[in-house]
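Numbering-wise (my numbering), the sequence shown opens with residue 34 and increments by one. Note that CB positions come from ideal geometry on N, CA and C, so glycine has one too.
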Amino acid sequence: ALQMTMFTPLSQRIVDRIWRGDVVFYANLIDDDNAAPGASGNASITRARTAVNVRRSRPQGLREAFRVSRLRVPRYQHLMHIGIYLVFMCVYARVLFDNSPTFTIYEAVLGVLAAGFIFDELMQFYQSGPRCYVQHLWNPINTLTHLNLLVFAVLRARVLLYSHAQWAAPTYGLLACNAVLLWPRLL
């Protein structure tokens, strides 16, 4: 799990429990899917105010294991991000190797995934602010990657809409330049 040298053993155990999902944070009672709809009484009000739920370390049953609220757990967020990125890289490689003169379903999927990554990056920039955003190593690289994907989309749309066949090769060449920035993230 997450290891920090500046933590005491107690604080390290707390961070580990948060990473595993034993401690889950909620913004309000509505986010907690264990709260019964229409529940009345002080228990629900107390849970809404504390906004923390301590759970068993292992999900009991298949239904509990696949709850949407489990995506609040950092471990599951990380695994989901890796899975989506692997799908993105497979689609990226397929589009690059196809080098199709016509629009394909893989290009549509690549566009949707790229739009999702760009939106996620914009939200990180908005939440952290410019000064904190540029301090992380991958954020400026991500920005270059996303700008490259946007330029690819614009050039590809120009090729498809205006039948500029001479722009097809440079468009895929530009997409291939992104490989230098995308593949090292898998390491």
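| Item | Value |
| --- | --- |
| Which of the three DSSP states is assigned to Val187 in this structure? | helix |
| State whether the region 186-201 contacts the region 133-145, with contact taken as three or more CB pairs (one from each stretch) at a distance under 8 Å. | yes |
| Just the Cα atoms here: how many angstroms apart are Leu180 and Gly116? | 23 Å |
| Compare the Cα-Cα distances from Asp153 to each of Cys123, Gly206 and Tyr118 and report the closest residue. | Tyr118 |
| Does the pairing of the region 199-217 with the region 157-168 give three or more beta-carbon distances under 8 Å? | no |
| Which of helix, strand or coil does DSSP assign to Val213? | helix |
| Less than 8 Å between the CB atoms is what I'm expecting for Gly144 and Ala202, so what's the real figure, rounded? | Wrong, their Cβ atoms sit about 20 Å apart, outside the cutoff. |
| Taking C-beta to C-beta, are Leu219 and Met122 nearer than 8 Å? | yes |
| What is the DSSP secondary structure of Phe150, counted as helix, strand or coil? | helix |
| What is the DSSP secondary structure of Pro163, counted as helix, strand or coil? | helix |
| Taking a contact to mean a Cβ-Cβ separation below 8 Å, would you say Arg227 touches Val57 in this structure? | Here the chain has residues from 34 to 220 only, and residue 227 is not among them. |
| Excluding sequence positions up to five away, which residues of its chain have a Cβ less than 6 Å from the Cβ of Glu140? | Val128 |
| DSSP on Leu177, reduced to helix/strand/coil? | helix |
| For Phe130, does the three-state DSSP call read helix, strand or coil? | helix |
| Roughly how many angstroms separate the alpha carbons of Pro42 and Ile51, rounded to a whole number? | 14 Å |
| Taking 8 Å as the cut-off, decide whether the C-beta atoms of Asn211 and Leu182 are in contact. | yes |
| With Arg108 and Gly54 assumed to form a contact (beta carbons below 8 Å), what rounded beta-carbon distance in angstroms separates them? | 6 Å |
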